[in-house]
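J.:
There are 2 protein chains.
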Amino acid sequence: MTIYDIAREAGVAASTVSRVINNKPGIKLETRQRVQELLKKYNYIPDAAARGLVMQSSRLVGILIVDIRVAHHVDSAFVIEQELTRRGYCCIIMSTGPEDEKKAEYIRILEQRRVEGVILMGSMFGTASVEESIKKHLPKVPIVMVNGYLDLPNVSGVIVDEDAGVARCVDLLCAKGKPKIAFVLDSVSPSNIHKQRGYCEGMRRNGAGEENLWLYDMEESTVRGGYEATLRILDEHPDVQGIIYSIDLVAVGGVRAAYDRGIDVPGQLGLIGIDNSIYGEICMPKLTTLDNRLQALSESAASILREGLEGKVQNKKMMMFSEIIEREST
Amino acid sequence: MTIYDIAREAGVAASTVSRVINNKPGIKLETRQRVQELLKKYNYIPDAAARGLVMQSSRLVGILIVDIRVAHHVDSAFVIEQELTRRGYCCIIMSTGPEDEKKAEYIRILEQRRVEGVILMGSMFGTASVEESIKKHLPKVPIVMVNGYLDLPNVSGVIVDEDAGVARCVDLLCAKGKPKIAFVLDSVSPSNIHKQRGYCEGMRRNGAGEENLWLYDMEESTVRGGYEATLRILDEHPDVQGIIYSIDLVAVGGVRAAYDRGIDVPGQLGLIGIDNSIYGEICMPKLTTLDNRLQALSESAASILREGLEGKVQNKKMMMFSEIIEREST
DNA sequence: TTTTTTATTGCAATCGATTGCTCTTTTTGG
DNA sequence: CCAAAAAGAGCAATCGATTGCAATAAAAAA
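These protein sequences, in sequence, are chains A and V. The first sequence finishes on residue 330 if you use my numbering, and the numbering steps up by one all the way, no holes. The second sequence finishes on residue 660 if you use my numbering, and the numbering steps up by one all the way, no holes.
1. Go through its chain and collect everything with a Cβ distance to Asp605 of chain V's Cβ below 7 Å, but skip five positions before and after it.
2. Give the residues from the segment 229–256 of chain A that approach chain V closer than 9 Å (Cβ to any Cβ), ordered along the chain.
3. Which whole-angstrom value describes the C-beta separation of Val115 of chain A and Ile92 of chain A, a residue pair presumed to lie in contact below a C-beta threshold of 8 Å?
4. Which one or two residues does DSSP pair with Asp291 of chain A in a beta bridge?
5. For the segment 167–237 of chain A, which segments carrying the beta strand (DSSP E) assignment without a break, of at least 3 residues, lie completely within its bounds, in sequence order?
6. In the structure shown, what three-state DSSP assignment does Ser388 of chain V receive?
7. Just by C-beta distance, which residues in the segment 260–290 of chain A are closer than 8 Å to chain V?
8. Taking Val485 of chain V as part of the alpha helix (DSSP H), name the residues at either end of that continuous run.
9. Put Leu579 of chain V into one of helix, strand or coil per three-state DSSP.
10. Which chain V residues sit within Cβ distance under 7 Å of Ile21 of chain A?
11. Closest Cβ-Cβ distance between Cys169 of chain A and chain V: below 8 Å?
12. If you draw a straight line from the alpha carbon of Leu480 of chain V to that of Gly487 of chain V, how long is it in whole angstroms?
13. Rounded to whole angstroms, what is the Cα-Cα separation between Thr16 of chain A and Glu81 of chain A?
14. Alpha carbon to alpha carbon, how far is Leu39 of chain A from Ala301 of chain A?
15. For Phe321 of chain A, is the classification buried or exposed, using 16 other Cβ atoms within 10 angstroms of its Cβ as the cut-off for buried?
16. In chain V, what lies closer than 8 Å to Leu305 of chain A by C-beta?
17. Mapping the DSSP letters down to three states, classify Ile393 of chain V as helix, strand or coil.
18. Listed in chain order, which residues of the segment 134–145 of chain A have Cβ atoms closer than 9 Å to some Cβ of chain V?
19. To be precise: take each residue of the segment 379–391 of chain V, compare its Cβ to all Cβ atoms of chain A, and keep it if any distance is under 8 Å. Which residues remain?
20. Under 7 Å Cβ-Cβ, which residues of chain V neighbour Asp47 of chain A?
21. Quickly, what does DSSP pair Val474 of chain V with across the bridge? List them, please.
22. Any contact between the segment 191–204 of chain A and the segment 304–312 of chain A? By contact I mean 3 or more CB pairs, one from each, below 8 Å.
23. Alpha carbon to alpha carbon, how far is Met318 of chain A from Arg331 of chain A? Give it in angstroms, no decimals.
24. How should Met218 of chain A be labelled, buried or exposed, when 16 other C-beta atoms within 10 angstroms of its C-beta is the threshold for buried?
25. What separation, rounded to the nearest whole angstrom, lies between the Cα atoms of Arg657 of chain V and Arg224 of chain A?
26. For Val250 of chain A and Gly539 of chain V, what's the separation of their Cα atoms in angstroms?
27. Taking Cβ-Cβ distances shorter than 8 Å, what residues in chain V pair up with Ile43 of chain A?
28. Measure from the C-beta of Met319 of chain A to each C-beta in chain V and report whether the shortest distance is under 8 Å.
29. Can you tell which of V:Pro509, V:Met424, V:Val409 has its C-alpha closest to the C-alpha of Leu624 of chain V?
30. Find the nearest neighbour of Ile509 of chain V within the set V:Gln571, V:Ser406, V:Val448, judged by alpha-carbon distance.
31. Below 8 Å between beta carbons: does that hold for Ile263 of chain A and Ala182 of chain A?
32. Cα separation between Glu461 of chain V and Tyr216 of chain A?
33. Excluding the five sequence neighbours on either side, which residues of its own chain have a C-beta within less than 8 Å of the C-beta of Tyr372 of chain V, listed in chain order?
34. What residues match up with Leu601 of chain V in a beta bridge as DSSP calls it?
35. Strictly below 8 Å CB to CB, what residues from chain A border Ala588 of chain V?
36. Whole angstroms are fine: how far does the CA of Gly117 of chain A sit from the CA of Val155 of chain A?
Encoded structure:
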């Protein structure tokens, strides 16, 4: 069913039908009603591609996520998707994976679809390669990075002071008389580098020397990974009094490791995660965590993108403050 | 940059450029190269809408999910999205929410975008209202329902025998000498009705009468909800020996409730969840769960949709068998 | 050298909308 | 009753591609 089919059956020109569809003035009431009846009768719905072509607007938005399965990323995507759908946009959500090449390919796909806006979820998009792709393929499209930086005129960013937050976690443990603190990183994303900086800074300002910085990397970002890393820490530094993990999920492995070793949490060992995810609420004892304000962050991202879509501000940087949620593990 | 801009600069017709882009034969090597250089020079990428209009194909697929944040739904969506993106489709992922009206609206949006295929995630889409919308707006588009039924000629379905699986969970508890079993439903979706049927069937075949069916509904499908439902069960039936929960997340609340009441799991009380989600692995003791084969289910859904997109089979029904993963809670 | 093929390329229609402008009607005012 | 203004509807161009068919040029055959 096209606009022409309707026009023919109504005995009018296609332009008239178009004007009825879009509620434009200058159509006689009688004609308008006759056309509307036919539209209803045939469940006519205009073709978005055809309309987009002439209107020069796709009303499409791209949301790029490294891995959509990561809980805090979906939560963000959800908020953004809801807001944009409500405003008549369709969201193309894609999991890019970690490789830069794949990210570049997906950016090309978004250009091909002529998206009017893009969300980049997570610090993994803050690479030179991505910057290059954007300059090449989406130089004028409003883009908002959630929790990441990219210095381009059309890219806005909302970030959280995770570094400062982690430093405050260190303060918290020290205040509880637990200054011997290790830090576990689940991967080497830019975001984790910030967290690590925060740890180092926090330790330093609490009087620790370099020899007191106990940093642990891990390969797999899972409960098991956290479990094993924690055992390693307990072996190498039996006097450890606190451990901070770069994400809650990994911290949960730490809780389990302490339990298996018969170590009292929080009595002997204080544990802190980051994310304020549901994992931290599920485990026993409940996890103290650094809330990185994901909900607020996503809402800001959505509203900044909305402004961009409406042609307003383009390059806006925003920071939110992380907050420690103290629960049973400290 | 349009095909005409390139054509003008190359001194050829637009049709020639089009043939170069699409690697069609009948273009002199020299011309081809000249055009290709310009395409590269200007980072030309064809407009998907314009191409779709003339080709009568959008290469768009819709994925409708009641709530994308639900872990097992994203996991499914991820698998499907990966497979379809690899084949050159773009996925429009939308969280519809539970209201039928909203679902109908989203189906209209998908029609407007002229999607070539649709995934309906979850049993919540198996309603008369959705059936009506599909008949009206997407009567010819291949649709695959994941874990749900809908009897229409263009709708395929992949489902899991959750009912039989739950019945086997009952068998398991009975075999362990724990025939007094309660069942907790997190909501009244069609899928949960199947689970409930399985519970009833399992109880019956293990010799229970109607008075032994302890069914519990709950309002919020959360850890807290499971916690409270479990306390209620323990109060009303102090002799309960096993509890089956419609999802793992809720079962985790049950684990905690038992712990707080000082009840030994699995000694005094056997707990079983459904989903084989990460929540079950995180909690202590680790949860015995009914694996509803979500990964396999999603892969099948993706491949059935792919067949549909290629114009092959339309109406295919498939069933997978659920499997009990026994861990520490039984 | 002329004719027939064959290899290239261009023309123009098409996909399904939107919209400025023109052409009729109808209405209003003098 | 006639001229001017207003209202209603249609024509045709446009958006950015694709593709069948016609046209031209070059190569091969006669």
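Glycine included, C-beta positions come from ideal geometry on N, C-alpha and C. Since the structure is predicted, the reported quantities are computational estimates derived from the model, not experimental observations.
T.: Straight from the coordinates:
1. By one-based count along the second sequence, residue 605 of chain V stands at place 275. So the qualifying residues of the chain are His402, Ile577, Asp578, Thr619, Asn622.
2. Leu249, Val252, Gly253, Val255, Arg256
3. The residue labelled residue 115 of chain A in the question sits at position 115 within the first sequence. The residue labelled residue 92 of chain A in the question sits at position 92 within the first sequence. About 7 Å separates the two Cβ atoms, so the contact holds.
4. Numbered from its first residue, the first sequence carries residue 291 of chain A at position 291. A:Glu323.
5. Runs found: 181–185, 214–217.
6. Indexing the second sequence from 1 puts residue 388 of chain V at position 58. Coil at Ser388 of chain V, not helix or strand.
7. The residues in question are Ile278, Tyr279, Glu281, Ile282, Cys283, Met284.
8. Mapped onto the second sequence, residue 485 of chain V falls at position 155. Element bounds for Val485 of chain V: not the alpha helix (DSSP H) but the beta strand (DSSP E), 485–490.
9. Mapped onto the second sequence, residue 579 of chain V falls at position 249. If DSSP states are grouped into helix, strand and coil, Leu579 of chain V belongs with the helices.
10. On the first sequence, position 21 is the one that residue 21 of chain A refers to. The contacting residues do not exist; Ile21 of chain A stays about 12 Å from chain V at best.
11. For the purposes of this step, residue 169 of chain A is identified with residue 169 of the first sequence, where counting begins at 1. It does not; no Cβ of chain V falls within 8 Å.
12. Position 150 of the second sequence, counted from the first residue, corresponds to residue 480 of chain V. Position 157 of the second sequence, counted from the first residue, corresponds to residue 487 of chain V. Going from the Cα of Leu480 of chain V to the Cα of Gly487 of chain V covers about 8 Å.
13. Translated into positions along the first sequence, residue 16 of chain A becomes position 16. Translated into positions along the first sequence, residue 81 of chain A becomes position 81. So the alpha carbons of these two residues sit roughly 35 Å apart.
14. Position 39 of the first sequence, counted from the first residue, corresponds to residue 39 of chain A. Position 301 of the first sequence, counted from the first residue, corresponds to residue 301 of chain A. So the two alpha carbons sit approximately 38 Å from each other.
15. Along the first sequence, read from residue 1 onward, the residue named residue 321 of chain A stands at position 321. Answer is exposed; the Cβ neighbour count stays below 16.
16. For the purposes of this step, residue 305 of chain A is taken as residue 305 along the first sequence, with counting starting at 1. The premise fails here: Leu305 of chain A is roughly 17 Å from chain V at the closest Cβ pair, so nothing lies under 8 Å.
17. Counting from 1 along the second sequence, the entry for residue 393 of chain V is found at position 63. Of the three classes helix, strand and coil, the one that applies to Ile393 of chain V here is strand, per DSSP.
18. Lys136, His137
19. Ala379, Ala380, Gly382, Leu383, Ser388
20. The residue you call residue 47 of chain A lines up with position 47 of the first sequence. Those are Arg444, listed as they occur along chain V.
21. As a first step, residue 474 of chain V is located in the second sequence; it is residue number 144 there, counting from the start. Answer is V:Ile449, V:Ser486, bridged to Val474 of chain V.
22. no
23. Missing from the structure shown is residue 331 of chain A; chain A here goes from 1 to 330 and no further.
24. Here residue 218 of chain A is taken as the residue at index 218 of the first sequence, counted from 1. By the neighbour-count rule (16 or more Cβ atoms within 10 Å), Met218 of chain A is buried.
25. Numbered from its first residue, the second sequence carries residue 657 of chain V at position 327. Numbered from its first residue, the first sequence carries residue 224 of chain A at position 224. Using only the alpha carbons, I get a separation of about 16 Å.
26. Counting from one through the first sequence, the residue named residue 250 of chain A turns up at place 250. Counting from one through the second sequence, the residue named residue 539 of chain V turns up at place 209. The straight-line gap from Cα to Cα measures roughly 45 Å.
27. Taking the first sequence and counting its residues from 1, one reaches residue 43 of chain A at position 43. Per the sequence presented here, residue 43 of chain A reads as Asn, with Ile not at that position. The answer, in chain order, is Lys466, His467.
28. Stepping through the first sequence from its first residue, residue 319 of chain A is reached at position 319. Answer no: the Cβ-Cβ gap between Met319 of chain A and chain V never drops below 8 Å.
29. If you number the second sequence from 1, residue 624 of chain V lands on position 294. Ranking V:Pro509, V:Met424, V:Val409 by Cα distance to Leu624 of chain V puts V:Val409 first.
30. Stepping through the second sequence from its first residue, residue 509 of chain V is reached at position 179. First, the amino acid is wrong: residue 509 of chain V is Pro here, not Ile. Checked all of V:Gln571, V:Ser406, V:Val448; the closest Cα to Pro509 of chain V is V:Gln571.
31. Start at 1 with the first residue of the first sequence, and residue 263 of chain A comes out as number 263. Start at 1 with the first residue of the first sequence, and residue 182 of chain A comes out as number 182. Going by C-beta atoms, Ile263 of chain A is not nearer than 8 Å to Ala182 of chain A.
32. Along the second sequence, one-based indexing puts residue 461 of chain V at 131. Along the first sequence, one-based indexing puts residue 216 of chain A at 216. If you take the alpha carbons of Glu461 of chain V and Tyr216 of chain A, they lie about 54 Å apart.
33. Residue mapping note: residue 372 of chain V aligns to position 42 of the second sequence, counting from 1. Here the set comprises Met331, Asp335, Ile336.
34. Looking up residue 601 of chain V in the second sequence gives position 271. In the DSSP output, where bridge partners are listed per residue, Leu601 of chain V has V:Ile573.
35. Numbered from its first residue, the second sequence carries residue 588 of chain V at position 258. Result: empty, since nearest Cβ-Cβ is about 11 Å, beyond 8 Å.
36. Position 155 of the first sequence, counted from the first residue, corresponds to residue 155 of chain A. Position 117 of the first sequence, counted from the first residue, corresponds to residue 117 of chain A. The straight-line gap from Cα to Cα measures roughly 10 Å.
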